[in-house]
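Numbering (the working numbering), first residue to last: 58 to 185. Backbone N, C-alpha and C fix where the C-beta goes; we use that ideal spot for every residue, glycine too.
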Amino acid sequence: ICNAFVITLLTAKYINEKNKNIRIIFGGPHASIVYRECFENFDFIDAICIGESEKYIKILIDKMMREEDISLLPGVASVKNGKIHYIKNQNLLTDEDLSNYTVFDFSPFTLSEESEFNIEGGRGCPFG
């Protein structure tokens with residue numbers, strides 16, 4: 058939700074100040090729209106997934122873990138040698154992709170009425 062974007066930036070900055078080895082990846086509609094401005098103003102962001110990232114987020118994380126170049130990965134914006142790189146991802150999700158989400162089994166967790174177990178997930182506008 059858009060009012061959380063600034064809080065997310067501040068949290069990412071705090072995390073980066075505490076540990077420079079933690080990689081910071083942004084995504085979602087707000088970061089997608091202003092990815093250039095994000096890189097120009099926030100040097101702690103390592104990558105921004107533009108648009109739908111379900112098909113390439115694992116590839117991005119794998120490449121980052123192996124410290125490989127991510128500047129040519131479609132759908133991912135990044136900075137290399139002071140230059141912003143972005144190659145548009147041409148593979149949009151299909152209706153079949155959207156219907157095949159994993160439903161996680163949370164039954165192993167025992168929750169009392171006093172327990173809290175927050176999960177947030179969604180696709181598209183939460184007000185639609």
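Next on the checklist: On a Cα-Cα basis, can you pick out the residue from Ile79, Phe96, Asn60 that is closest to Glu124?
Outcome noted: The residue among Ile79, Phe96, Asn60 with its C-alpha nearest the C-alpha of Glu124 is Ile79.
Checklist entry - Closest by CA to Asn146, which one among Asp162, Ile105, Glu153? => result Ile105
Next on the checklist: Can you tell me which residues form a DSSP beta bridge with Ser135?
Outcome noted: Beta bridge pairing from DSSP links Ser135 with Ala104, His142.
Item to check | Start and end residues, alpha helix (DSSP H) containing Glu74 | outcome: 62-75
Checklist entry - In this structure, does DSSP put Ile82 in helix, strand or coil? => result In the structure shown, Ile82 falls within a strand segment according to DSSP collapsed to helix, strand and coil.
Checklist entry - Where do the ends of the alpha helix (DSSP H) carrying Ala94 lie? => result Here the sequence assigns Glu to residue 94, which means Ala is not the residue at that position. 92-98 is the extent of the alpha helix (DSSP H) around Glu94.
Item to check | Alpha carbon of Ile82 to alpha carbon of Ser169, nearest angstrom | outcome: 34 Å
Item to check | Through-space distance from Asn60 to Ser128, alpha-carbon basis | outcome: 29 Å
Item to check | Which listed residue (Phe101, Gly108, Pro86) has its alpha carbon closest to that of Thr68 | outcome: Comparing alpha-carbon positions, the option among Phe101, Gly108, Pro86 lying closest to Thr68 turns out to be Phe101.
Item to check | Status (buried if at least 16 other CB within 10 Å, exposed otherwise) for Leu155 | outcome: exposed
Item to check | Cβ neighbours of Glu111 in the same chain (closer than 8 Å, five flanking residues each side left out) | outcome: Leu150, Asp154, listed in sequence order.
Checklist entry - How would you write the range of the alpha helix (DSSP H) that Leu117 sits in, first residue to last? => result 114-122
Next on the checklist: Between the alpha carbons of Glu97 and Glu109, how many angstroms are there, rounded?
Outcome noted: Their Cα atoms are separated by approximately 22 Å.
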